[in-house]
Amino acid sequence: MRRRIPIVILVLVALGLILAACAPKPAETVPAVKRPLVLGMHALVETDADARILAGEVPSLAKRGVNLLIVEVDYWYDYASHPELHMENPVKKETVKALLAACRAKGIRLVPQFQSLGHQSWAEKTFPLLVKYPQLDETPNKYAGNKGTDPWGTEFYCRSWCPLHPDLLPIVNDLYDELLEVFEADALHIGMDEVFIIADADCPRCAGKSTAELFARAVNDAYDHIVRKRGKEMMMWADRLIDGQATGYGLWEASMNGTDKAIDMIPRDIVMCDWHYEPKYPLQGTPKSTFPSPRIFADKGFRVLPTSFRNIDALNRFIDQSLAVPSDKVLGHVCTVWHPLGKGKYGKLRQLKAASKKIKKASTSPS
Ligand SMILES: [Zn+2]
């Protein structure tokens, strides 16, 4: 027997459905449509032994689902084009080939990284480029012992090269070329994070120029060589292209000296490795950190690789928020480690385990 439903209940149900449709939806934690996602690992090698250990770790990285390995070598590769520019016990060509073979066997894309523009020193040690060619230093006669206060009022951090020095590009492009060739790479990561020394008042070429224009010039010079001339993809750290005040990220994970305006002066096919690590940002005024930048880059047309470090709470929320951006410009996620690891350590990294779980859940297998 059909039971008659009172009209008032029908009206209430209809009203409920309309209200439910209009209510704000909770943030999605997985992409609206599953797609193949990148799970990247950034590793640092400072000696040939470090690189040999890393080659042996590739199977355990593959087991976690890593399909992109960014290997930062900077001045620790044994450059044949510039033997004067490598550090002690540099990574040898045959070790790179062993690493490459291990990656290929597991379907992992191998991308070398070379820190450009900033990060030309660490603590009291200045790296070989500015030691051998001091004229390329943005501040050659300042910050003795790599100490002092920079123009932005913070403690001196790292030296920068001068992006306008006419002797710079022939040398740096040789290093980029050699890395691309030895790694047989289809992409190069050029670093460019945390550049605090730029447009120095005492640099005869840069003084008085806009920090954004100088930063864009450095990016565009690298792009001209790597992408336009060599036909490769370019990746970079994205922090200098983000407004630190507006996003609340502050001066480390974003820019407070105007370089962020360069975001509109560079090609949109650069892959932005957008790193953020903190569980809370004081400038945001929220109990826990939020991550507006993947959407900013995606909306501008850049592909983004959100990148995290060891705070698992921040990592989980960053992955959730970035994958909720309704754009396939968000490519996946990259984990980082900032010192070389010993045998058996890479696959056990807590941050990699956490990211692996989320990315595997949100990703389909590549077709
Ligand atoms: Zn300069």
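Going by the working numbering, the letters in the sequence shown line up with residues 65 to 431, in that order.
Glycine is no exception: its CB is placed at the ideal position from the N, C-alpha and C atoms.
Tell me whether residue i is buried or exposed, calling it buried when 16 or more other Cβ atoms sit within 10 Å of its Cβ.
{"i": "Gly295", "result": "exposed"}
{"i": "Ala165", "result": "exposed"}
{"i": "Thr323", "result": "buried"}
{"i": "Trp301", "result": "buried"}
{"i": "Asn375", "result": "buried"}
{"i": "Lys417", "result": "exposed"}
{"i": "Asp231", "result": "exposed"}
{"i": "Asp138", "result": "buried"}
{"i": "Glu317", "result": "buried"}
{"i": "Gln179", "result": "buried"}
{"i": "Asn131", "result": "buried"}
{"i": "Glu188", "result": "exposed"}
{"i": "Gly365", "result": "exposed"}
{"i": "Arg27", "result": "Here the chain covers residues 65 to 431 and nothing more, so residue 27 does not appear."}
{"i": "Arg414", "result": "exposed"}
{"i": "Arg292", "result": "exposed"}
{"i": "Trp225", "result": "buried"}
{"i": "Arg168", "result": "exposed"}
{"i": "Ile290", "result": "buried"}
{"i": "Trp140", "result": "buried"}
{"i": "Arg367", "result": "buried"}
{"i": "Ala271", "result": "exposed"}
{"i": "Gly171", "result": "exposed"}
{"i": "Lys393", "result": "buried"}
{"i": "Ala113", "result": "exposed"}
{"i": "Arg304", "result": "buried"}
{"i": "Pro268", "result": "exposed"}
{"i": "Thr428", "result": "exposed"}
CB of residue i to nearest heavy atom of ligand 1: below 7 Å?
{"i": "Arg381", "result": "no"}
{"i": "Glu245", "result": "no"}
{"i": "Cys222", "result": "no"}
{"i": "Arg269", "result": "yes"}
{"i": "Leu149", "result": "no"}
{"i": "Cys399", "result": "no"}
{"i": "Leu228", "result": "yes"}
{"i": "Gly242", "result": "Contrary to the premise, residue 242 reads as Glu rather than Gly in this sequence. It does not: the Cβ of Glu242 is nowhere closer than 7 Å to a heavy atom of ligand 1."}
{"i": "Glu202", "result": "yes"}
Does DSSP classify residue i as helix, strand or coil?
{"i": "Leu252", "result": "strand"}
{"i": "Glu245", "result": "helix"}
{"i": "Glu92", "result": "In this prediction, Glu92 has a pLDDT of 44, which is less than 50 and means its spatial position is unreliable; nothing more can be read from the coordinates."}
{"i": "Lys425", "result": "helix"}
{"i": "Ser357", "result": "helix"}
{"i": "Val389", "result": "coil"}
{"i": "His289", "result": "helix"}
{"i": "Ser224", "result": "coil"}
{"i": "Asp201", "result": "strand"}
{"i": "Pro370", "result": "strand"}
{"i": "Gly411", "result": "helix"}
{"i": "Trp316", "result": "helix"}
{"i": "Leu305", "result": "helix"}
{"i": "Ala265", "result": "coil"}
{"i": "Gly212", "result": "coil"}
{"i": "Leu232", "result": "helix"}
{"i": "Ala113", "result": "helix"}
{"i": "Leu405", "result": "coil"}
{"i": "Ala107", "result": "strand"}
{"i": "Val259", "result": "coil"}
{"i": "Thr454", "result": "The structure shown does not extend to residue 454, since the chain is modelled only from 65 through 431, so no value can be given for it."}
{"i": "Glu342", "result": "coil"}
{"i": "Arg128", "result": "coil"}
{"i": "Arg381", "result": "helix"}
{"i": "Thr323", "result": "helix"}
{"i": "Gly332", "result": "Looking at the sequence shown, residue 332 is not Gly but Arg. Looking at Arg332 - three-state DSSP - the assignment turns out to be coil, as it is neither helix nor strand."}
{"i": "Ser420", "result": "helix"}
Using 8 Å as the cut-off, can you tell me whether the region 140-158 makes contact with the region 237-249, which would need three or more C-beta pairs spanning the two stretches below that distance?
yes
For the structure I just gave you, are there three or more beta carbon pairs, one from the region 277-291 and one from the region 209-223, closer than 8 Å?
no
Is there contact here, the region 283-298 with the region 311-321, by at least three beta-carbon pairs under 8 Å?
Touching, no, given that fewer than three Cβ pairs across the two stretches are closer than 8 Å.
Return the chain-ordered ranges of every beta strand (DSSP E) run that is complete within the region 130-188 and spans a minimum of 3 residues.
132-136, 173-180
Tell me whether the region 262-270 and the region 154-172 touch, counting them as touching only if at least three CB pairs, one residue from each stretch, are closer than 8 Å.
no
Three or more C-beta pairs below 8 Å linking the region 384-401 and the region 100-117:
yes
Counting Cβ pairs, one atom from each stretch, are 3 or more of them under 8 Å apart for the region 410-426 and the region 122-141?
yes
Evaluate contact between the region 246-255 and the region 202-214, counting only Cβ atoms and requiring at least three cross-stretch pairs below 8 Å.
no
Would the region 148-157 count as touching the region 185-204 if we require 3 or more Cβ pairs under 8 Å?
yes
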